[in-house]
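Enquirer: Before we start, here is the structure in question, set down as structure tokens.
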Amino acid sequence: MLSFGFLTLNKKTEHDYYTEIGKRGAPMDIEIFCFSPVDINPQTEHVHGKRFNSSTEKWEDAIFPIPTYIYDRCFYSSEEILKKYSPIVNWLKNRKDICFIGHGLPNKWKIYNTLSSHSILKYYIPDTSKAESSEEIFRALNRHKKIILKPENGAQGRGIISLTLKGKQIEFQTHRHKNVIHKIFSKKEPLNNWLKQLLTAHSYLIQEYLSLLDEDKRPFDIRILLQKDKGNNWHELGRGVRKGQEGHIISNLHGGGDAHSFSEWLNSIDRNQQELLLDDIQTIITQLPETLEENFGPLFELGIDLGVAKDGSIWILDTNSKPGHKTILQTNQGVENTLYSAPLEYCKHIALQRS
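Using our numbering, read the sequence shown as starting at 1 and increasing by one per residue.
This is the structure we're talking about:
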């Protein structure tokens with residue numbers, strides 16, 4: 001029987017997702033576990049985590065050896081948390097007796113440098129620079145009038161900031177959970193001091209603000225979920241549209257956005273634009289997974305977030321090797337069994353290759 005473990009920093013965060021996969025474990029002769037990096041006893045190398053009971057379909061406290069196959073679902077909400085847990089995760093990845101079903105992606109800056117030098121994908125990548133200092137942020141703001149600051153190691157829309165130059169004032173906006181934080185700075189110095197403190201604690205990237213709004217002035221993006229099947233081939237599981245609230249700068253569901261049907265949204269735009277858009281999307285989903293794997297190692301799944309500007313141009317906003325699945329589940333009927341079975345099917349494929 002194969003041993004398969006979810007590696008997570010919070011066992012409650014994706015409990016329903018883990019449970020649905022757990023229900024499919026026993027028929028496939030796979031035992032399912034869930035644990036955190038700190039659940040591993042460094043002396044015995046045994047884990048004090050959760051085991052899925054296929055009879056009761058409940059998670060139970062258990063002590064067990066480190067599972068042979070690991071599905072990494074660790075989300076690092078800050079660089080402090082990354083520094084705390086990543087050494088343990090890297091130790092697991094370097095063990096020859098353990099296999100991760102996907103190696104994950106590095107920070108956004110490394111991904112940007114790879115994609116922006118690709119012969120085709122570079123045309124879909126927003127111009128990005130590293131925020132080395134507050135002065136560099138102000139130079140970009142003076143040049144573009146409105147910019148976005150993104151955490152280099154951010155996920156789920158956390159920590160994104162917009163700065164807008166309006167005359168002699170600077171408008172500041174960010175999100176905390178589903179709440180918008182909005183300030184007006186009439187003097188540069190207080191904002192400059194705050195940015196210096198921010199950059200001391202976190203690494204940020206600078207992008208020119210792209211107007212990615214729908215007809216109701218809501219921020220929106222297209223989420224596409226790709227996964228590997230049991231034959232090690234990439235396939236698209238589904239796509240959906242995420243829309244944030246009017247006045248917000250992010251469309252993520254964690255930030256208060258909601259999910260909509262991609263086909264319904266597509267039918268709302270001009271037919272000629274539809275054909276160009278679909279052609280661009282096909283180019284991106286064909287080129288992107290292969291390029292990322294060539295540079296960063298094998299992946300199991302990929303969430304691709306695309307923005308569409310008013311002029312019809314399409315932009316790769318984010319690539320995530322640990323994507324959420326809510327948008328796809330809410331907007332694509334009949335994908336549940338494929339989605340929940342895919343990690344286990346791919347695990348069996350890897351086990352067969354290793355044997």
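Glycine is no exception: its CB is placed at the ideal position from the N, C-alpha and C atoms. Because the structure is a prediction, the values reported are computed rather than measured.
Would you call the CB atoms of Val-335 and Gly-238 closer than 8 Å?
Expert: Numbered from its first residue, the sequence shown carries residue 335 at position 335. Numbered from its first residue, the sequence shown carries residue 238 at position 238. Result yes, Cβ atoms of Val-335 and Gly-238 sit closer than 8 Å.
Enquirer: Nearest to Lys-96 by CA position, among Glu-132, Ser-86, Asp-39 and Tyr-69, is which residue?
Expert: Here the question's residue 96 lines up with position 96 in the sequence shown. Here the closest residue by C-alpha is Tyr-69.
Enquirer: From Lys-168 to Ile-147, what does the alpha carbon distance come to, in whole angstroms?
Expert: For the purposes of this step, residue 168 is taken as the residue at position 168 of the sequence shown. For the purposes of this step, residue 147 is taken as the residue at position 147 of the sequence shown. Spanning the two alpha carbons is a distance of roughly 16 Å.
Enquirer: With a threshold of 16 other CB atoms inside 10 Å of the CB of Thr-286, please say whether the residue is buried or exposed.
Expert: Translated into positions along the sequence shown, residue 286 becomes position 286. By the neighbour-count rule (16 or more Cβ atoms within 10 Å), Thr-286 is not buried but exposed.
Enquirer: From the DSSP output, in three-state form, read off His-144 for me.
Expert: Translated into the one-based positions of the sequence shown, residue 144 becomes position 144. In this structure, His-144 counts as helix in the three-state DSSP scheme.
Enquirer: Under 7 Å: does the beta carbon of Thr-338 sit that close to some heavy atom of the ligand PLP?
Expert: Looking at this structure, you won't find the ligand PLP or any other ligand, since it has none at all.
Enquirer: Taking DSSP's pairing of strands, which residues face Arg-354 in a bridge?
Expert: Position 354 of the sequence shown, counted from the start, is the residue given in the question as residue 354. Arg-354 pairs with nothing; no bridge assigned.
Enquirer: The alpha helix (DSSP H) that contains Ala-201, what's its start and end?
Expert: Translated into positions along the sequence shown, residue 201 becomes position 201. Taken as a continuous stretch (DSSP letters only), the alpha helix (DSSP H) holding Ala-201 covers 188-201.
Enquirer: For Thr-44, I'd like the list of residues in its chain whose CB is within less than 6 Å of its CB, leaving aside the five on either flank, ordered along the chain.
Expert: Indexing the sequence shown from 1 puts residue 44 at position 44. Cβ neighbours of Thr-44 beyond the five flanking positions: none.
Enquirer: Answer with yes or no whether the minimum CB distance from Asn-233 to chain E is below 8 Å.
Expert: Here chain E cannot be found, since the structure has a single protein chain.
Enquirer: Helix, strand or coil for Cys-34 per DSSP?
Expert: Locating residue 34 in the sequence shown gives position 34, counting from the first residue. Strand, per DSSP.
Enquirer: From what residue to what residue does the alpha helix (DSSP H) around Glu-293 run?
Expert: Residue numbering aside, residue 293 sits at position 293 when the sequence shown is read from its first letter. Here the alpha helix (DSSP H) through Glu-293 covers 271-296.
Enquirer: Would you kindly work out how many angstroms separate the C-alpha atoms of Ala-155 and Asp-216, rounded to a whole number?
Expert: Here residue 155 corresponds to residue number 155 of the sequence shown, with the count starting at 1. Here residue 216 corresponds to residue number 216 of the sequence shown, with the count starting at 1. So the alpha carbons of these two residues sit roughly 26 Å apart.
Enquirer: Quick one: is Asp-61 buried, meaning 16 or more other Cβ sit within 10 Å of its Cβ, or exposed?
Expert: The sequence position of residue 61 within the sequence shown is 61, counting from 1. Classification for Asp-61: exposed.
Enquirer: Within the same chain, show all residues whose beta-carbon is closer than 6 Å to that of Ser-341, passing over the 5 residues directly before and after it, in chain order.
Expert: By 1-based counting over the sequence shown, the position of residue 341 is 341. Taken in chain order, the residues that qualify are Arg-24.
Enquirer: Measuring CA to CA, which of Leu-7, Ser-313, Asn-295 and Arg-271 is closest to Asp-280?
Expert: Position 280 of the sequence shown, counting from 1, holds the residue named residue 280. The candidate whose alpha carbon is nearest that of Asp-280 is Ser-313.
Enquirer: Using the Cα positions of Ile-161 and Val-180, report the straight-line distance between them to the nearest angstrom.
Expert: Residue numbering aside, residue 161 sits at position 161 when the sequence shown is read from its first letter. Residue numbering aside, residue 180 sits at position 180 when the sequence shown is read from its first letter. Roughly 10 Å separates the two Cα atoms.
Enquirer: May I ask which residues mark the beginning and end of the beta strand (DSSP E) holding Glu-301?
Expert: Taking the first residue of the sequence shown as position 1, residue 301 is located at position 301. 301-308 is the extent of the beta strand (DSSP E) around Glu-301.
Enquirer: Thinking just about the alpha-carbon of each residue, which of Leu-115, His-46 and Leu-2 is nearest to the one in Thr-291?
Expert: In the sequence shown, counting from the first residue as 1, residue 291 sits at position 291. With distances taken between Cα atoms, Thr-291 lies closest to Leu-115.
Enquirer: Report yes or no: do three or more beta-carbon pairs, one from the segment 137-144 and one from the segment 217-232, lie closer than 8 Å?
Expert: With a cut-off of 8 Å, the segment 217-232 and the segment 137-144 do not count as touching, because too few Cβ pairs lie within range.
Enquirer: Are Ile-81 and Pro-37 touching if we call contact CB-CB under 8 Å?
Expert: What you label residue 81 is simply residue 81 of the sequence shown in a count that begins at 1. What you label residue 37 is simply residue 37 of the sequence shown in a count that begins at 1. Cβ distance not < 8 Å, so Ile-81 and Pro-37 don't count as in contact.
Enquirer: How far does the beta strand (DSSP E) with Asn-179 in it reach, from first residue to last?
Expert: Counting from 1 along the sequence shown, the entry for residue 179 is found at position 179. Unbroken beta strand (DSSP E) run through Asn-179: 179-185.
Enquirer: What is the residue span of the alpha helix (DSSP H) that Asp-16 lies within?
Expert: By one-based count along the sequence shown, residue 16 stands at place 16. Unbroken alpha helix (DSSP H) run through Asp-16: 15-23.
Enquirer: Per DSSP, what kind of secondary structure is Thr-128 in: helix, strand or coil?
Expert: In the sequence shown, residue 128 corresponds to position 128, counting from 1. Three-state result, Thr-128: strand.
Enquirer: Run through the DSSP bridge pairs and tell me what Gln-169 is partnered with.
Expert: For the purposes of this step, residue 169 is taken as residue 169 along the sequence shown, with counting starting at 1. Looking at the DSSP assignment, Gln-169 forms a beta bridge with Lys-166.
Enquirer: Got a sec, what are the start and stop residues for the alpha helix (DSSP H) Phe-262 sits in?
Expert: For the purposes of this step, residue 262 is taken as the residue at position 262 of the sequence shown. Run containing Phe-262: 262-266, per the alpha helix (DSSP H) assignment.
Enquirer: Use the C-beta contact count for Ser-355: other C-beta atoms within 10 angstroms, 16 or more gives buried, fewer gives exposed.
Expert: Position 355 of the sequence shown, counted from the first residue, corresponds to residue 355. Result: exposed.
Enquirer: Check Ala-62 in the structure and name its three-state DSSP category.
Expert: Taking the sequence shown and counting its residues from 1, the one referred to as residue 62 is at position 62. Correct three-state label for Ala-62: strand.
Enquirer: Do Gly-256 and Gly-240 count as a contact pair if the criterion is CB distance below 8 Å?
Expert: Residue 240 sits at position 240 when you count from the first residue of the sequence shown. Residue 256 sits at position 256 when you count from the first residue of the sequence shown. No.
Enquirer: What is the C-beta distance between Trp-109 and Glu-152, in whole angstroms, given that I count them as a contact (C-beta under 8 Å)?
Expert: By 1-based counting over the sequence shown, the position of residue 109 is 109. By 1-based counting over the sequence shown, the position of residue 152 is 152. Right, the Cβ-Cβ distance comes to about 5 Å (below 8 Å), so this counts as a contact.
Enquirer: For the structure I just gave you, are there three or more beta carbon pairs, one from the segment 200-217 and one from the segment 114-131, closer than 8 Å?
Expert: Touching, yes.
Enquirer: What separation, rounded to the nearest whole angstrom, lies between the Cα atoms of Tyr-17 and Glu-135?
Expert: As a working note, residue 17 is residue 17 in the sequence shown. As a working note, residue 135 is residue 135 in the sequence shown. Those two C-alpha atoms are separated by around 44 Å.
Enquirer: Compare the Cα-Cα distances from Leu-329 to each of Asp-258, Pro-190 and Asn-267 and report the closest residue.
Expert: Looking up residue 329 in the sequence shown gives position 329. Among Asp-258, Pro-190 and Asn-267, the Cα nearest to that of Leu-329 belongs to Asp-258.
Enquirer: Give me the Cα-Cα distance between Leu-199 and Ala-131, rounded to the nearest whole angstrom.
Expert: Taking the sequence shown and counting its residues from 1, one reaches residue 199 at position 199. Taking the sequence shown and counting its residues from 1, one reaches residue 131 at position 131. C-alpha separation (whole angstroms): 8 Å.
Enquirer: Just to confirm my understanding: we take Leu-344, look at its own chain, exclude 5 residues before and 5 after, and list those with CB closer than 8 Å. What are they?
Expert: Taking the sequence shown and counting its residues from 1, one reaches residue 344 at position 344. Cβ neighbours of Leu-344 beyond the five flanking positions: Phe-4, Ile-21, Arg-24, Gly-25, Met-28 and Ile-30.
Enquirer: Excluding the five sequence neighbours on either side, which residues of its own chain have a C-beta within less than 6 Å of the C-beta of Ile-40, listed in chain order?
Expert: Indexing the sequence shown from 1 puts residue 40 at position 40. Around Ile-40: Val-47.
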